[in-house]
Amino acid sequence: MAIEDYNSKQKPTWCPGCGNYAIWMSIKAALDELGIPPHKVLIVYGIGCSGNMFNNINVYGWHALHGRALPVAIGAKLANKDLTVIAVAGDGDGLGEGMGHFIHALRGNVDITYLIHENKVFGLTAGQSAPTSMKGFVSKSTPEGVIEDPTNAVSLALTAGGEFVARGYAGKPEQLKNLIKQGIQHKGFSFVDILQPCIAFNKVNTYQYYNDRVYDLQAENHQAEDFDKAFIKAEEWGAKIPTGLFYQAEGGTREDNLIKESDEKDNLTFEHKVEKRNLERIIKNYSTN
Ligand code: SF4
Numbered sequence: 025m026a027i028e029d030y031n032s033k034q035k036p037t038w039c040p041g042c043g044n045y046a047i048w049m050s051i052k053a054a055l056d057e058l059g060i061p062p063h064k065v066l067i068v069y070g071i072g073c074s075g076n077m078f079n080n081i082n083v084y085g086w087h088a089l090h091g092r093a094l095p096v097a098i099g100a101k102l103a104n105k106d107l108t109v110i111a112v113a114g115d116g117d118g119l120g121e122g123m124g125h126f127i128h129a130l131r132g133n134v135d136i137t138y139l140i141h142e143n144k145v146f147g148l149t150a151g152q153s154a155p156t157s158m159k160g161f162v163s164k165s166t167p168e169g170v171i172e173d174p175t176n177a178v179s180l181a182l183t184a185g186g187e188f189v190a191r192g193y194a195g196k197p198e199q200l201k202n203l204i205k206q207g208i209q210h211k212g213f214s215f216v217d218i219l220q221p222c223i224a225f226n227k228v229n230t231y232q233y234y235n236d237r238v239y240d241l242q243a244e245n246h247q248a249e250d251f252d253k254a255f256i257k258a259e260e261w262g263a264k265i266p267t268g269l270f271y272q273a274e275g276g277t278r279e280d281n282l283i284k285e286s287d288e289k290d291n292l293t294f295e296h297k298v299e300k301r302n303l304e305r306i307i308k309n310y311s312t313n
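Oh and the sequence shown: position 204 is 228 in the working numbering, straight run, nothing missing.
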């Protein structure tokens with residue numbers, strides 16, 4: 025395997041310098057280093073500049089509706105547990121339209137990896153404020169500046185029960201690749217928030233802005249099993265911005281728990297149970313038509 029094996033024939037059309045290029049490279053490098061061949065990977069995308077990555081990676085892909093990458097990704101994983109499933113969304117997509125799915129995906133803990141490109145603006149629609157836009161951010165939709173506090177995806181993921189919660193930065197692709205690898209290897213739902221400069225429409229959260237502020241939690245000996253400390257770090261945003269793995273727990277996936285439940289109840293495996301349920305539904309449908 026080589027990184028080139030994950031390239032499609034289409035060249036990306038993102039603005040030159042967009043943080044999406046580094047995220048694209050980091051995903052491919054993570055898959056390559058984990059030795060997962062393209063035919064064993066599904067990436068489901070939402071709508072936005074991040075979703076345009078659909079055209080540029082040679083793995084199975086599904087371009088979902090706006091805000092709906094997660095339910096498609098979860099359904100695919102439950103149908104084929106041998107597939108490595110990744111969902112990719114922008115922050116407008118995933119934390120605006122898709123917010124409800126995010127909360128319930130964290131609770132559900134199905135074994136997929138969710139990457140949010142956090143550029144703090146709607147890029148594809150040319151520069152409206154997003155749920156993550158900082159207070160005072162002036163955009164086409166907020167000419168007087170955003171008046172609300174921004175959504176903090178990392179804090180939200182922790183409070184909603186996330187068992188793998190990390191933050192990367194497109195300007196540190198080596199760290200980002202390693203976080204994506206760890207997320208894929210984690211058993212259960214893994215979430216990586218990715219700081220991604222939008223050079224066209226966000227003149228506040230630029231590469232320079234992040235380069236001056238980001239630091240690596242693991243370089244400061246942060247212990248990722250400590251939930252309380254993870255939450256304190258998640259709330260830090262200002263002169264210093266933490267990146268790295270905030271929190272990781274070993275709770276077991278939803279699939280594991282269902283298998284355990286099935287075994288305990290009637291000695292059926294999860295696959296048997298799904299098969300039995302499907303059969304019952306099919307029989308019911310046909311018998312009423
Ligand atoms: S509009 Fe922003 S997010 Fe979209 S491709 Fe250009 S720089 Fe990237």
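All C-beta atoms, glycine included, are put in the ideal place defined by N, C-alpha and C.
Given the structure is predicted, the values throughout are model-derived calculations rather than measurements.
For A100, the closest C-alpha among the options G70, C39, A113, W86 is that of W86. Annotation for S157: no alpha helix (DSSP H) segment contains it, and DSSP assigns it neither H nor E. DSSP places A258 inside the alpha helix (DSSP H), whose first and last residues are 251–258. In this structure, F225 has its beta carbon less than 8 Å from a heavy atom of ligand 1. The Cβ neighbour count for L89, taken over all protein chains shown within 10 Å, is under 16; the residue is labelled exposed.
Taking non-hydrogen atoms of ligand 1 into account, the C-beta of W38 is found less than 8 Å away from one of them. Setting aside the 5 residues that flank it on each side, L219 is surrounded in the same chain by E142, Y193, Y234, each with a C-beta closer than 6 Å to its C-beta; the list follows chain order. Around the CB of F126, 16 or more other CB atoms lie within 10 Å, so the residue is classed as buried.
Taking the Cβ of V145 as the reference point, at least one heavy atom of ligand 1 falls within a distance shorter than 8 Å. The three-state secondary structure of E172, taken from DSSP, is coil.
In this structure, DSSP gives Q232 a helical state, which the three-state scheme calls helix. Secondary structure at D56: helix, using DSSP grouped into helix, strand and coil. DSSP places I218 inside the beta strand (DSSP E), whose first and last residues are 214–219. Taken through DSSP and simplified to helix, strand or coil, H90 comes out as coil. By the criterion of at least three beta-carbon pairs nearer than 8 Å, the stretch 110–130 is in contact with the stretch 170–184.
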